[in-house]
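See below for the structure under consideration.
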Amino acid sequence: MRLNLPIVISIALPALFAQPSLVENTGTAKNPAISADGRLVAFVADRDGSGIEHLWVRPLAGDGPRQLTTGKHNDHEPAFSPDGRTLAYVSEANGGGIYLIPAAGGKPRLFAQGGRRPRFSPDGRRIAYWVVRHSGSGLFEGDVAGRKKRPLHAGFHSAKDPVWSPDGKRLIFAGCKTPSMESCDWWVSEGAREPAATGAARIFREQHMDGQPSPDLWLSNGNTIVFTAKIGENTRLWTFRMAADPWRAEGSARRLTAGEQDERTPAAGSGGRILYASRAENIDIWSLPLDADDATPRGPLERLTSDASIDQRPSLSRDGKRIAWETSRGGNFEVWVKDLVSGRERGITSGPLREHMPALSPDGAKLVYDAHDGEKVTIFESPFEGGEPVKISEENVGQGSFQWTGQGDTVLHFHRAPPGTVGLMDLADKKRTLLLRHSKFNLSIADARLSPDGNWIAFPVPFAPHRLRLAVARVSAAVGNEQSWTYVAPENINTSQPEWSPNGRWLYFLSDRTGSLAVWAQRLSGEKKPEGAPKAVLEFPDASLTIAEMRPRDIGLTLARDKLALAAAKYSWTIWSVRP
3 MRLNLPIVIS
13 IALPALFAQP
23 SLVENTGTAK
33 NPAISADGRL
43 VAFVADRDGS
53 GIEHLWVRPL
63 AGDGPRQLTT
73 GKHNDHEPAF
83 SPDGRTLAYV
93 SEANGGGIYL
103 IPAAGGKPRL
113 FAQGGRRPRF
123 SPDGRRIAYW
133 VVRHSGSGLF
143 EGDVAGRKKR
153 PLHAGFHSAK
163 DPVWSPDGKR
173 LIFAGCKTPS
183 MESCDWWVSE
193 GAREPAATGA
203 ARIFREQHMD
213 GQPSPDLWLS
223 NGNTIVFTAK
233 IGENTRLWTF
243 RMAADPWRAE
253 GSARRLTAGE
263 QDERTPAAGS
273 GGRILYASRA
283 ENIDIWSLPL
293 DADDATPRGP
303 LERLTSDASI
313 DQRPSLSRDG
323 KRIAWETSRG
333 GNFEVWVKDL
343 VSGRERGITS
353 GPLREHMPAL
363 SPDGAKLVYD
373 AHDGEKVTIF
383 ESPFEGGEPV
393 KISEENVGQG
403 SFQWTGQGDT
413 VLHFHRAPPG
423 TVGLMDLADK
433 KRTLLLRHSK
443 FNLSIADARL
453 SPDGNWIAFP
463 VPFAPHRLRL
473 AVARVSAAVG
483 NEQSWTYVAP
493 ENINTSQPEW
503 SPNGRWLYFL
513 SDRTGSLAVW
523 AQRLSGEKKP
533 EGAPKAVLEF
543 PDASLTIAEM
553 RPRDIGLTLA
563 RDKLALAAAK
573 YSWTIWSVRP
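Following this line, the structure appears as structure tokens:
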């Protein structure tokens, strides 16, 4: 199902141009790029409703948008050469890579297999980019002809998103020298010198910015860096100034705009203008008809909720006829349920507390959820049909229940008190049985799942910043005994949110193994060893409907006999301009 929403592109231009306004009646428009002379703008859009995004180019004074790329794969991240004659971009065709195409139209040429976010040097002779490599990422630089490419700073564990200085003598990039987040910063590279840490990571920490933002633009005006960063639920455009000798971040970051929507992909235009895309997001619950015991889809993706609020973290009953989820419909997160046969839905909770992470019992007759009141977290049990909830557990520490056992009288329970534990809680006597704990890995928030027979447990193991690897172990041997774990994916493949098939022969999970987050399934032997290659079950080729930027736990992959359900985000975009 597609939403055909109007996308307005509003571009402010230097005074010598009029200020045209483009209106896109279908699809999306994002990822702007503008030529150095301010005459051309390129952007990514799905104008025909196919779900595939291509590059479009428009003169700022003259005819309307002209399609530049075609095919069955998404194209994105356009960048003009300084003379405006060539566009570099990333295409997902043939495994993904950087391509070059004349801005006037023509046949694209592969520049770098696997390359991402290309940037022309100011003299137009070189292109800097990055690639994913084993358990990390690496920088590269190549001449425009594509004959000479060389890695940059190969000693870094990860390095990505290079940006040229205005004079073309330096690059700034986001990188980590080791797998530890403590080694991550922005670095300035100049010739053969060792890259210099800028101290930008300190600004990110002090201003509570999530993750490790990347630089987007290096402006000549006062050595200003433009970047996007997320604080809480919102991604905004930010700037800070750089001081030289040595290169270092000065002061604090400041907002570039006062907008309320997410802001992405800034591009520098003439006259000091910056183009960027703002994004409106709508998160709903979606379902895929599926033979879960064979990992075979049986129909197209279907929308289960449809409103302007956030609907996420679903939980299905075993027969797939009932579902629970958390929603922001009342302005605060509450728990709602829906009978998928009758279509009737209603709220289970209401009030000032955040009540979330619902888990339906196998028969769909009841559910558990947790409620947050400051530091106090309480687990409740409630009938599906409504009624007075029963308090199960109350503590001043993070805790929650996210799966019922097959018998329906015990729930899998996590407890965040260090080092973190996963265990079983009997709902009748409140007794707990420890299943999973490790002194090195904090597994309390690892979203473990028991197999249908209760003999095995699957759980993600953190092995690098923002990287998880799925493991399976016998319940009797799982506590702290890493030697008994079987990993179901290689270390370089990020995997999370495991879910067992009803027959226990398939393990479903989320993974970005092909570059974009999708649902995969791995067949397992009787001893829960991987058999064959994993199988892609649900991918999101339509970039306007995706799970790529959602937190895995918010996606909430859940499985029944005849379907899977998850939360996915629907996006619409607007392109704007601002002067720093």
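Letter by letter, the sequence shown follows residues 3 to 582 of this note's numbering.
For every residue, glycine included, the Cβ atom is placed at its ideal position computed from N, Cα and C.
Treat the numbers as computed from the prediction; the structure is a model and nothing was measured.
Looking only at its chain, what residues have a beta carbon closer than 7 angstroms to the beta carbon of residue i, apart from the 5 residues adjacent to it on each side?
i, result
"Asp514", "Asn496"
"Pro197", "His155, Trp189, Val190, Ser191"
"Ala1", "This structure leaves residue 1 out entirely; the chain is present only between 3 and 582."
"Leu436", "Thr423, Gly425, Val481"
"Pro421", "Arg439, His440, Ser441, Asn444"
Going by DSSP, what residue range makes up the alpha helix (DSSP H) through residue i?
i, result
"Asp556", "554 to 557"
"His203", "This sequence places Ala at residue 203; His is not what is there. First-last of the alpha helix (DSSP H) with Ala203: 202 to 208."
Using a Cβ-Cβ cut-off of 6 angstroms (strictly less than) and excluding sequence neighbours within five positions of residue i, which residues of its own chain qualify?
i, result
"Val413", "Val370, Ser403, Trp406, Met427"
"Val228", "Asp218, Leu219, Thr241, Pro268"
"Ile36", "Val43, Ala269, Gly271, Leu277"
"His415", "Ser403, Gly425, Met427"
"Pro462", "Ala448, Leu470, Leu472, Ser498"
"Glu541", "Ala520"
"Asp77", "His56, Leu57, Thr71, Tyr91, Ser93"
"Ala479", "Ser486"
"Phe335", "Glu328, Arg356, His358"
"Pro316", "Ile287, Ile325, Trp327, Gly558, Thr560, Ala567"
Which value, in whole angstroms, describes the spacing of the CA atoms of residue i and residue j?
i, j, result
"Pro181", "Pro61", "45 angstroms"
"Thr28", "Gly51", "Here Thr28 scores only 40 on pLDDT, less than 50, and its place in the model is too uncertain to base an answer on."
"Tyr131", "Ile350", "50 angstroms"
"His136", "Pro492", "10 angstroms"
"Ser579", "Val92", "23 angstroms"
"Gln409", "Leu452", "12 angstroms"
"Leu559", "Glu304", "15 angstroms"
"Leu306", "Ala326", "11 angstroms"
"Asp286", "Asp264", "18 angstroms"
"Val133", "Gly117", "5 angstroms"
"Lys171", "Arg127", "13 angstroms"
"Ala17", "Gly274", "In this predicted model, Ala17 has a pLDDT of only 33, less than 50, meaning its place in the structure is not dependable; the value taken from the coordinates is given anyway. The alpha-carbon atoms of Ala17 and Gly274 are separated by roughly 12 angstroms."
"Val474", "Asp125", "53 angstroms"
"Pro391", "Lys368", "10 angstroms"
"Ala489", "Glu501", "The question names Ala, yet the displayed sequence has Tyr at residue 489. Those two C-alpha atoms are separated by around 15 angstroms."
"Gly261", "Arg507", "49 angstroms"
"Gln214", "Ala297", "35 angstroms"
"Glu534", "Phe511", "According to the sequence shown, residue 534 is Gly rather than Glu. About 16 angstroms."
"Val146", "Ala105", "15 angstroms"
"Ser23", "Ala194", "The predicted position of Ser23 is uncertain, since its pLDDT is 33 and thus under 50; a value taken from the coordinates is nonetheless stated next. Taking the straight line from one Cα to the other gives about 46 angstroms."
How is the beta strand (DSSP E) around residue i delimited, first residue to last?
i, result
"Ile174", "173 to 178"
"Arg119", "117 to 122"
"Leu426", "423 to 428"
"His417", "412 to 417"
"Leu292", "276 to 293"
"Asp341", "336 to 341"
"Asn76", "Taken as a continuous stretch (DSSP letters only), Asn76 belongs to no beta strand (DSSP E), as it is neither H nor E."
"Ile129", "128 to 135"
"Lys368", "368 to 375"
"Glu94", "Neither: Glu94 is in no beta strand (DSSP E) and is coded neither H nor E."
Evaluate residue i with the Cβ neighbour count: other Cβ atoms within 10 Å of its Cβ, from every protein chain shown; 16 or more gives buried, anything less gives exposed.
i, result
"Gly253", "exposed"
"Asn398", "exposed"
"Ala567", "buried"
"Ala562", "buried"
"Gly98", "buried"
"Glu26", "Confidence in Glu26 is poor, its pLDDT being 35 and thus under 50, which makes the residue's placement too unreliable to answer from."
"Arg266", "buried"
"Asp372", "buried"
"Gly583", "Look at the range of the chain in this structure, 3 to 582, and you will see that residue 583 is not part of it."
"Leu239", "buried"
"Gly591", "Any property of residue 591 remains undetermined from this structure, which presents the chain solely from 3 to 582."
"Gly528", "exposed"
"Leu342", "buried"
"Gly40", "buried"
"His440", "buried"
"Arg207", "exposed"
"His468", "exposed"
"Gly144", "buried"
Measuring only from the beta carbon, is residue i closer than 7 angstroms to any heavy atom that is part of the ligand COA?
i, result
"Leu102", "Absence of the ligand COA is noted for the structure shown, with no ligands found whatsoever."
Residues in its own chain within less than 8 angstroms of residue i by CB, not counting five upstream and five downstream?
i, result
"Gly332", "Gly349, Ser352"
"Lys565", "Ser289, Leu290, Pro291, Leu292, Ala294, Leu318, Gly322"
"Val379", "Asp372, Ala373, Glu396, Glu397, Asn398, Val399, Gly400, Gln401, Gly402"
"Lys572", "Leu5, Glu283, Asn284, Ile285, Asp286, Ser546, Leu547"
Quick check on residue i - is its C-beta less than 8 angstroms from some C-beta in chain B?
i, result
"Leu102", "No chain B is part of this structure, which consists of one protein chain only."
Under 8 angstroms: do the region 64 to 76 and the region 99 to 110 share three or more Cβ pairs, one atom per stretch? yes
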